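In UniProt numbering, the protein residues as written are 1 to 319.
Don't be surprised by glycine CBs; every beta carbon is placed ideally from N, CA and C.
Values in this document were obtained by computation on a predicted structure and should not be read as measured data.
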Ligand SMILES: C[C@H]1O[C@H](OP(=O)(O)OP(=O)(O)OC[C@H]2O[C@@H](n3cnc4c(=O)[nH]c(N)nc43)[C@H](O)[C@@H]2O)[C@@H](O)[C@@H](O)C1=O
């Protein structure tokens with residue numbers, strides 16, 4: 001039985017990846033920051049009892065080393081991060097510190113304990129930032145536009161550096177925006193769906209958002225974690241874009257959700273509080289390498305994903 005460690009196991013990707021690995025007969029160890037982890041996602045997927053949660057401060061290399069020696073993992077999926085772009089403008093130093101030092105601590109521990117451990121790093125399309133060519137490919141120039149993106153570039157190149165210097169098996173998935181029912185409600189798509197349902201039920205008057213005239217390449221988290229898993233099953237490690245291949249404007253997303261729920265468009269109101277100091281205007285990636293080399297299958301349009309998410313949210317709203 002293979003052993004996998006997942007950092008950031010309480011996030012949406014951590015929960016769906018846990019379910020996938022359990023289905024593939026792995027023992028799954030989930031690292032959590034504190035004694036009271038939010039295991040709602042694992043419980044929702046009915047796998048809470050099957051994932052062993054272990055407390056670990058990833059900024060403390062001794063704790064990381066102890067866990068690697070104890071559990072002797074075959075694979076580590078590093079999903080833990082301060083993942084909010086917007087919060088990173090308010091807390092740039094702690095964002096950069098956590099998102100980079102945690103990676104160093106994991107890689108240094110692997111290097112000294114067992115270089116055969118395979119490592120997945122959650123890199124981000126935000127690294128591309130100031131886009132100068134579309135679609136983005138694995139060879140696009142990186143030009144981050146936020147402290148979050150800067151930290152992810154540093155972590156990404158740390159991974160490349162360890163792979164090239166020490167021959168370690170390190171794969172980086174450059175994931176574009178991806179959503180699910182388990183997404184935290186501070187993120188755009190979850191917020192729009194959840195609050196729109198409240199408007200349709202008469203519990204809320206309107207939806208307040210920031211800049212909705214930008215476009216993003218959105219996908220479906222349960223399908224994206226399959227690409228993560230496949231990245232660690234190859235003969236050789238590499239970097240892969242995981243994306244849908246097309247962008248959609250945030251305004252279109254709101255209008256699609258409003259129309260599905262019978263809400264008039266004037267219920268959407270701009271609030272400067274949700275604007276960011278800098279923003280990618282339009283971004284979409286080319287997923288050909290992931291489809292070809294990983295045999296990753298993905299052909300959802302984001303409208304299909306939205307319909308799935310609206311249905312799932314409605315099914316759970318009164319529970
Ligand atoms: C790839 C990347 O994907 C995610 O980062 P994100 O794109 O910042 O995600 P989000 O859902 O917060 O914003 C999406 C867009 O929506 C705009 N927007 C407008 N109005 C509101 C609004 O009211 N709330 C929010 N949250 N966003 C808004 C906002 O300005 C942005 O353009 C993370 O997983 C990250 O870890 C990651 O790597």
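Q. Which residues share a DSSP beta bridge with residue 268?
A. Mapped onto the chain shown, residue 268 falls at position 268. In the DSSP output, where bridge partners are listed per residue, residue 268 has 207.
Q.
Please tell me whether residue 287 and residue 244 are closer than 9 Å, where the distance is taken between their beta carbons.
A. Along the chain shown, read from residue 1 onward, the residue named residue 287 stands at position 287. Along the chain shown, read from residue 1 onward, the residue named residue 244 stands at position 244. Yes, they are a contact pair.
Q.
Considering only their Cβ atoms, is the gap separating residue 242 from residue 219 smaller than 9 Å?
A. Looking up residue 219 in the chain shown gives position 219. Looking up residue 242 in the chain shown gives position 242. In this structure, the beta-carbon distance from residue 219 to residue 242 falls below 9 Å.
**Q.** Per-residue DSSP class, three states only, for residue 119
**A.** Here residue 119 corresponds to residue number 119 of the chain shown, with the count starting at 1. Residue 119: strand per DSSP, three-state reduction.
(Q) Taking the beta strand (DSSP E) that residue 242 belongs to, which residues open and close that run? (A) Counted from its first residue, the chain shown places residue 242 at position 242. Bounds of the beta strand (DSSP E) holding residue 242 are 239-242.
Q: Please name the residue, chosen from 209, 144 and 262, that lies closest to residue 129 on a Cα-to-Cα basis.
A: The sequence position of residue 129 within the chain shown is 129, counting from 1. Residue 144 holds the alpha-carbon nearest to the alpha-carbon of residue 129 among 209, 144 and 262.
Q.
Under 8 Å, with one C-beta from each stretch per pair, do the segment 201-215 and the segment 233-240 reach the 3-pair mark?
A. They do not touch, by the three-pair rule.
Q: Compare the C-alpha of residue 225 against each of 271, 311 and 297 and name the closest.
A: In the chain shown, the residue the question calls residue 225 occupies position 225. Its Cα nearest to that of residue 225, the residue 297 stands out among 271, 311 and 297.
Q: Grab the span of the beta strand (DSSP E) containing residue 175 for me, first residue to last.
A: For the purposes of this step, residue 175 is taken as residue 175 along the chain shown, with counting starting at 1. Residues 170-175.
Q.
Is residue 267 a contact residue of ligand 1, with contact defined as CB to any heavy atom under 8 Å?
A. The residue you call residue 267 lines up with position 267 of the chain shown. Within 8 Å of the C-beta of residue 267 there is not a single heavy atom belonging to ligand 1.
Q. Which value, in whole angstroms, describes the spacing of the CA atoms of residue 231 and residue 273?
A. Your numbering for residue 231 matches position 231 in the chain shown. Your numbering for residue 273 matches position 273 in the chain shown. Going from the Cα of residue 231 to the Cα of residue 273 covers about 38 Å.
(Q) With a threshold of 8 Å (Cβ to nearest heavy atom), would residue 142 be considered close to ligand 1? (A) The count along the chain shown starts at 1 and reaches residue 142 at position 142. Not under cutoff, so the answer is no.
Q.
Please give me, in chain order, every unbroken run of the alpha helix (DSSP H) with length at least 4 that falls completely inside the segment 49-76.
A. For the segment 49-76, whole alpha helix (DSSP H) runs of length 4 or above, ordered along the chain, are 61-71.
Q. Thinking just about the alpha-carbon of each residue, which of 260, 179 and 175 is nearest to the one in residue 305?
A. Position 305 of the chain shown, counted from the first residue, corresponds to residue 305. With distances taken between Cα atoms, residue 305 lies closest to 179.
Q) Going along the chain, which residues of its own chain have a beta-carbon closer than 6 Å to the beta-carbon of residue 302, five neighbours each way excluded? A) The sequence position of residue 302 within the chain shown is 302, counting from 1. For residue 302, where only same-chain residues beyond five positions count, the Cβ hits under 6 Å are 218 and 248.
Q. Helix or strand or just coil, what does DSSP make of residue 100?
A. Start at 1 with the first residue of the chain shown, and residue 100 comes out as number 100. Of the three classes helix, strand and coil, the one that applies to residue 100 here is helix, per DSSP.
Q. Which residues bound the alpha helix (DSSP H) around residue 80?
A. Working through the chain shown from its first residue, we reach residue 80 at position 80. Neither: residue 80 is in no alpha helix (DSSP H) and is coded neither H nor E.
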